[in-house]
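Input: a single structure, listed below in structure tokens.
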Amino acid sequence: MTLRTNSEPDNVVDPALCPLCGQANGCALTAGRTIDHCWCVQTLIPKELLERIPPERRRRVCVCADCAARG
93 MTLRTNSEPD NVVDPALCPL CGQANGCALT AGRTIDHCWC VQTLIPKELL ERIPPERRRR
153 VCVCADCAAR G
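Its first residue numbered 93, the sequence shown is counted upward by one per residue in the numbering used here.
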């Protein structure tokens, strides 16, 4: 078993974690469900928030509901 550490390179992306706060993002797709079951379908996520995601992680990971709510 390999444990993930904070010393891993930034290009290692865990799609189940929010790229802004590092907490679980609750993405339905990472849980094996369809996008129709994801919390983000009913949520407006501000463009400014999405722009805070590091460029190498954009369109690869989702923010969490808490970060989306804080904007």
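Backbone N, C-alpha and C define an ideal beta-carbon position, used for all residues, glycine too.
Tell me the rounded alpha-carbon separation between G163 and L141. About 6 Å.
Extent of the continuous alpha helix (DSSP H) run through D128: Per DSSP, D128 belongs to no alpha helix (DSSP H) and is neither H nor E.
Three-state secondary structure (DSSP) at L141? helix
R149, DSSP secondary structure in three states: In the three-state reduction of the DSSP assignment, R149 falls in the helix class.
In three-state DSSP terms, what is L112? coil
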